[in-house]
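For the sequence shown, position 178 matches number 178 in UniProt numbering, and the numbering has no gaps at all. Even glycine gets a Cβ: it sits at the ideal position worked out from N, Cα and C. Quick caveat, the model's predicted, so the values are computed rather than measured.
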Amino acid sequence: MTTSKNLGLQQRIKLIATATKKSIATEQNKTSAVQEWSTPICVTELRQFLGLASYYRKFINGFANIAAPLHRMLEKGTENKVMQSMHDSQCTGHLGERQTLTRVKSRFFWPGMSGDVNAWCRTCMQCARRKGLTNNKRAPMQAITEGYFLQHVDVDILAPLERTTSGNQYVPVLTDYFTKWRAAFPLIDMEAGIVAKAKKYIAIEVADFKPRW
1 MTTSKNLGLQ QRIKLIATAT KKSIATEQNK TSAVQEWSTP ICVTELRQFL
51 GLASYYRKFI NGFANIAAPL HRMLEKGTEN KVMQSMHDSQ CTGHLGERQT
101 LTRVKSRFFW PGMSGDVNAW CRTCMQCARR KGLTNNKRAP MQAITEGYFL
151 QHVDVDILAP LERTTSGNQY VPVLTDYFTK WRAAFPLIDM EAGIVAKAKK
201 YIAIEVADFK PRW
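Given below as structure tokens:
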């Protein structure tokens, strides 16, 4: 090894470690940069961290296994592999969108993850084949037709309203479907006994009502 190359190697070792006659060890002030490194939040920061940490791979047992998950995050198509393992594998059982997203969030993150997981689950062919058919059959809507007065009467209660000086706070409203005639009555509360009395009072009022047309 030439003198210039030997000098360059010594300078490199001096930057990351302290060399003695017996061993080479890291310096605390040098490794503190790795320990205090903030959590990477993008691909660029992750690559920078792995580049710095790789200088100390000789001093870390099993460095390759420890850093393997981080290196996999830099591979293209990692998102599809994650969703396949979290949704399509035999151990996961093809869970729904919400449960699959919860499983993915527990271990991974990437921008637009929720949309990717939902799209993956919705386009899963096995889920589509096994999912039951949606029953969209509904009875046809029909208009209520009445032929004479009081053939069909609707009663509804407006509540809660501002309490009056008499203590009333509820208003039952009676509507005749044929004439569109309405009547309203005040109530103190919506207890069964009071509502029953109101219905009786409404029946008397309706019996006394004589439409003029």
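Helix, strand or coil: how does DSSP classify R107 here? coil
L158, enclosing beta strand (DSSP E) - first and last residue: V153 to L158
My understanding is that S114 touches L101, with C-beta atoms under 8 angstroms, so please give their C-beta distance in whole angstroms. 6 angstroms
Can the beta-carbon of L174 be found closer than 8 angstroms to that of V153? yes
Using three-state DSSP, classify A143 as helix, strand or coil. coil
Grouping DSSP H, G and I as helix and E and B as strand, with all else coil, what is L174? strand
Would you kindly check if the distance between the Cβ of V171 and the Cβ of L150 is under 8 angstroms? no
Going by C-alpha to C-alpha distance, which of G193, D156 and D189 sits closest to K182? Looking at the sequence itself, residue 182 is Arg, so the reference to Lys does not match. Among G193, D156 and D189, the Cα nearest to that of R182 belongs to D156.
Per DSSP, which one or two residues make a beta bridge with L187? Y170
Cα separation between L52 and E97? 38 angstroms
State buried or exposed for H71, treating a residue as buried only when at least 16 other CB atoms are found within 10 Å of its CB. exposed
Through-space distance from K131 to R103, alpha-carbon basis: 21 angstroms
Note down the Cα distance separating A33 from G62, rounded to an integer number of angstroms. 20 angstroms
Going by DSSP in three states, R98 sits in which element: helix, strand or coil? helix
Between which two residues does the alpha helix (DSSP H) harbouring P69 extend? F63 to M73
Give me the residue from H87, C121, D189 and F108 with the minimum Cα distance to R163. D189
Best match in P69, C121 and E79 for proximity to H87 [C-alpha to C-alpha]: C121
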